[in-house]
Amino acid sequence: MQFAVLFYLFLAGNLYSHLEPVDGYKILAVYSYPGKSHYMMTNALIRELVESGHQVTMITAISLQKEDLGSNYTEVLIEPVYDYWHDVKLNLGAQHLFELTRMTIYDTLKMLEIIGVKTTEHALRQPKVQALINAKQTDGIFDLLLAEQFYQEAFLALAHVYKVPVVTTSTLDHENHMSQMMGLISPWSFVPHGFMPFTDRMSFLKRVQNSYVSFYEDMNRLLNYFPKMDAVAREFFGPVLGEVPKVKHMEREISVMLLNSHAPLTTARPTVDAMVSVGGMHIYPPKALPADMQVFLDGATEGAIFFSLGSNVQSKDMPAEMLRLFLQVFGSLKQRVLWKLEDESIRQLPENVMVRKWLPQADILAHRNVKVFITHGGLFGTQEGVHYAVPMLGIPIFSDQHLNVNKAVLGGYAISLHFQSITEEVLRHSLLQLIHNATYKENVQRVSDIFRDRPQEPRKTAVYWIEYVIRHRGAPHMRSAGRDLNWFQFYLLDVMAFVAAIVLAGILALSLAIRLLMGSNKKHRKVKKN
Ligand SMILES: *[C@@H]1O[C@H](CO)[C@@H](O)[C@H](O)[C@H]1NC(C)=O
Ligand SMILES: *[C@@H]1O[C@H](CO)[C@@H](O)[C@H](O)[C@H]1NC(C)=O
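The number in my numbering is simply the position in the sequence shown, starting from 1, with 374 added.
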């Protein structure tokens, strides 16, 4: 008995010493896509890693120097910032981003492909990045490759250069195409494609569309996108690796994927332990607002509206008549309006409207007087709206924004408007509903309570899994064996073909036997007659 207790204590002690990192780990992070919004999640994670005592060397398209991360953070900055919108506009024939509201899903996939290949190539061409690829001594320099799960797959080859496991972070939710790389199936019957405005309950026609789009994307990745990314990987990693693994295979080596999602914003679907929901990582306890904004919001006795279309789409690029329409409606309300408008010199501003080039979005949403959030429906913004329980007016522009807003509408805490068809009356009516009809607030409060209810705050969860992968050398025990099967094995087509063959052979044998039997019966009868 005593021995058992002693043994248990010995085990527990050992277990504890195992879980405590002896030293900080050395992490190579690669974030080559210069999309500002993505850095809300990335910055939060890098900060948390450095503050947890780890050393991070980061290839990044946007500098984190402002974050003041100290000496354990080393930056490899990609300069100059690649202007990918130029390529997108050129390829899709759009003049400004508001035109992207007309973009089809096929355009979106094309856009992501262009963005991915161009920004990845641009980053790989940098001499500083080349130096990391061609490092002579690579053993033990890094413990892990942290990469973005966003059309930058060529960089996964760095894991082969440094012989380290990989963790990726996605600013998106669990996308259907991520399932195969993790050895999973996404049933298209109830898992909507990330860029379709559907939910998990689809009519027959929606299931047809959902299946078609998901299948199209899979085929497009396999036949069109991967060859392009493979060529990039070969060009830059060929000289050092010789044989560069195919992107398709490198993707399947990812140990853990950290996803920007969390219930109830994500619906129940098949998943594996290696896909971890860390949505809301970018949300910190609210900080004090700049004095003028604090006064403005404190004095909003009838409530305030916060209006921001995010960092890609700029309100100032709106057609002039739309800008006038918004000002007209805002001017007619009793509420105060705080608007992220990049052109602060705008004339004839109503007294109840304040515009600023930049606004601390989350801290504003945390203010008790904010009653409505007018948003383009980006994932980060909608998460903040949910976190602080603010009903939303969604004006989605492109990619996953439609889905995010759609979810919010179905959750009963948002109204969605199509940008091109907004009128004064519709806008005013929608805002007044969101302010005065209590159901929106009640619904968002309920969703918020679920979103915030977790065993551990998301930044801590993310760091835990990164350390876990290093501690357990890539954590191969979490790897679904589905990743190593051929597509026909994975979907059991070989088994189905086998069963079909047996059934067919059975039927054949049976019909043959019947024919033989009948034949011999006839002979028998003939013999009898004779
Ligand atoms: C930097 O990393 C080293 C090694 O992990 C650690 O000992 C040190 O405390 C870290 N420094 C800071 C300022 O966090
Ligand atoms: C409040 O909103 C709900 C949901 O949109 C709607 O069903 C209800 O009729 C609204 N109530 C009023 C008084 O407008």
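Yeah, the Cβ is synthetic: ideal placement off N, Cα and C, and Gly gets one too.
These figures come from a predicted structure and were not determined experimentally.
Annotation for Gln439 indicates a beta carbon at 7 Å or more from all heavy atoms of ligand 1. When DSSP states are grouped into helix, strand and coil, Lys745 belongs to the strand group. For Ile507, the secondary structure class from DSSP, reduced to helix, strand or coil, is helix.
Just measuring C-alpha positions, the residue of Glu725, Gln702, His750 and Thr640 sitting nearest Asn686 is His750. If only uninterrupted beta strand (DSSP E) runs of at least 3 residues are considered, those enclosed by the region 672-706 are 678-682.
Environment of ligand 1, chain-ordered: Asp397, Gly398, Val424, Gly427, His428, Gln429, Gly444, Ser445 and Asn446, taking every residue with Cβ within less than 7 Å of a heavy atom. Residue list for ligand 2: Asn811 and Thr813 (CB closer than 6 Å to any heavy atom, chain order). Annotated three-state conformation of Val650 is strand, per DSSP. Annotation for Tyr407: no beta strand (DSSP E) segment contains it, and DSSP assigns it neither H nor E. When beta bridges are read from the DSSP output, Gln429 appears opposite Lys400. The C-beta distance from Tyr814 to Pro765 rounds to 4 Å, short enough to fall under 8 Å. Taking a C-beta distance under 8 Å as the contact criterion, Val587 and Phe600 do not qualify as a contact pair.
Glu449 is bridged by DSSP to Met432. A direct Cα-Cα distance of roughly 27 Å separates Ser585 from Val652. One alpha carbon belongs to Lys834, the other to Ile789, and they sit about 33 Å apart. Looking from the CA of Pro454, the closest CA among Ser445, Ile436, Lys440 and Leu466 belongs to Ile436.
The beta-bridge partner set that DSSP reports for Glu522 consists of Thr543.
In the DSSP assignment, Lys714 falls outside any alpha helix (DSSP H) and lies within the beta strand (DSSP E) extending over Arg710 to Lys714.
If only complete runs of 3 or more residues are kept, the region 797-861 shows no beta strand (DSSP E) anywhere. The DSSP-derived three-state label of Val621 is helix.
By the neighbour-count criterion, in which a residue is buried when 16 or more other Cβ atoms sit within 10 angstroms of its Cβ, Met870 is exposed. Partner residues in the beta bridge of Ile789, as assigned by DSSP, are Leu767. If you compare the alpha carbons of Leu767, Ser426 and Glu527 with that of Tyr405, the shortest gap goes to Glu527. Inter-segment contact for the region 720-738 and the region 787-804 is absent: fewer than three beta-carbon pairs are separated by less than 8 Å. With distances taken between CA atoms, Leu451 lies nearest to Leu498 out of Thr542, Leu498, Glu799 and Phe569.
Taking each of Ser706, Gly654 and Trp713 in turn and checking the Cα distance to Phe670, the smallest one comes out for Trp713.
Around Leu890, the same chain offers no residue with a beta carbon nearer than 7 Å, after the five sequence neighbours per side are excluded. Val455: not part of any beta strand (DSSP E); DSSP gives it neither H nor E. For Met485, the enclosing alpha helix (DSSP H) has its first and last residue at Ile479 to Leu498. Residue burial is scored here from C-beta neighbours: Leu423 has at least 16 other C-beta atoms within 10 angstroms and is therefore classed as buried.
With 16 or more other Cβ atoms inside 10 Å of its own Cβ, Ile420 counts as buried. The DSSP-derived three-state label of Leu891 is helix.
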